[in-house]
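So the protein lines, in turn, are chains A and B. Numbering of the first sequence is given in this note's numbering, commencing with residue 203 and proceeding in unit increments. Numbering of the second sequence is given in this note's numbering, commencing with residue 203 and proceeding in unit increments. Note that CB positions come from ideal geometry on N, CA and C, so glycine has one too.
2 protein chains.
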Amino acid sequence: MTSSTDLRKTVESFWATAEDRNWTAFADTLAEDVVYTLPQTRERVSGRERYVEFNREYPGDWHLRIERIVAEPGQVVTWVHFTVGLDEMYAISFFTGDAEGRVLTVTDFWPEPYEPPVGREHLVERY
Amino acid sequence: MTSSTDLRKTVESFWATAEDRNWTAFADTLAEDVVYTLPQTRERVSGRERYVEFNREYPGDWHLRIERIVAEPGQVVTWVHFTVGLDEMYAISFFTGDAEGRVLTVTDFWPEPYEPPVGREHLVERY
């Protein structure tokens, strides 16, 4: 089994156990010194215990499905669709793994809808 | 050479030729029926000619560097850092390729900075 396969499976388990609120199994996907980074807010969470807690305490009855996953040895990216009641949003997450195929870093992006700038209507269609 | 290698190289060329404003070489990285999608604005640009034009007309003296790239056969994701004067932003782009290793679809996300919600200060540090 290649380390690419390992980390891809780990990341699939990461999301499945988060959706199930199975925080023990979720913790098993993480390296002890995992670092979670949110560049948009310039926030960082360091260490498995805190990062599990961050997710466990995350407010709202959120549910997720993986929209797309791209993996190579040691690196995985997911595009995940979240619903919280009627709200929908998506997260793009970059993962790196350690030698045991556990998650070592997670960097999340949460893009929000916005109005398109004027001047390109001759090239685009809205959907 | 695997198709993974092909599309990864194509995507590296896509960004290098965009930075160089070499629109002929940029067009060579694209399938004729390429589709570009911006989920945040629900905009879509269809076809090589329009998509080259969309990029060529894009306002501002923008410059880019690839921050991270993750590739598997037929799929590539890039995290690209843009500067426009003193402004900095980043784009996350999901690429798929055709059988010839050209870009068939591009889906872009442009996450913006935001203020973190209250209630998680006990778990995070700001950087």
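Check	Outcome
Among all the DSSP beta bridges, which residues are the ones paired with Ala-293/B?	Val-282/B
With a CB to CB cut of under 6 Å and the five nearest residues on each side skipped, what residues in its chain are close to Ser-248/A?	Val-237
Would you identify the three-state DSSP class for Trp-312/B, choosing helix, strand or coil?	coil
Mind checking if Ser-215/B is an interface residue toward chain A, Cβ cutoff 9 Å exclusive?	no
Which residues does DSSP list as the beta-bridge partners of Leu-240/A?	Glu-245/A
Quick one: does Val-326/A have its CB under 9 Å from some CB of chain B?	yes
Excluding five sequence neighbours on each side, which residues of the same chain lie with their C-beta closer than 6 Å to the C-beta of Arg-252/B?	none
List, in order along the chain, the chain B residues whose C-beta lies closer than 7 Å to that of Ile-294/A?	Ile-294, Phe-311
Does Val-308/A come within less than 9 Å of chain B when only Cβ atoms are used?	no
Quick one: does Leu-240/A have its CB under 9 Å from some CB of chain E?	In the structure shown, chain E cannot be found, because the protein chains are A and B.
Out of Glu-245/A, Val-213/A, Ala-218/A, which one is the CA nearest neighbour of Ala-233/A?	Val-213/A
Could you tell me whether the region 306-315 of chain A touches the region 259-266 of chain B, where touching means 3 or more Cβ pairs closer than 8 Å?	no
Helix or strand or just coil, what does DSSP make of Val-305/A?	strand
At least one CB of chain A closer than 9 Å to the CB of Trp-225/B: is that the case?	no
Can you tell me whether Met-203/B is helix, strand or coil according to DSSP?	At Met-203/B, the pLDDT of 43 sits below 50, so the modelled position is not reliable and the matter cannot be decided from this model.
Since Glu-274/A sits in a beta bridge, which residues does DSSP pair it with?	Gln-277/A
Please list, in chain order, the chain A residues whose beta carbon lies closer than 8 Å to that of Ala-273/B.	Val-272, Glu-274
Under 9 Å, do Arg-250/B and Glu-327/A count as touching if we go by C-beta distance?	no
According to DSSP, which residues form a beta bridge with Gly-299/A?	Val-305/A
Is it true that the CB of Trp-217/A sits closer than 9 Å to the CB of Thr-280/A?	yes
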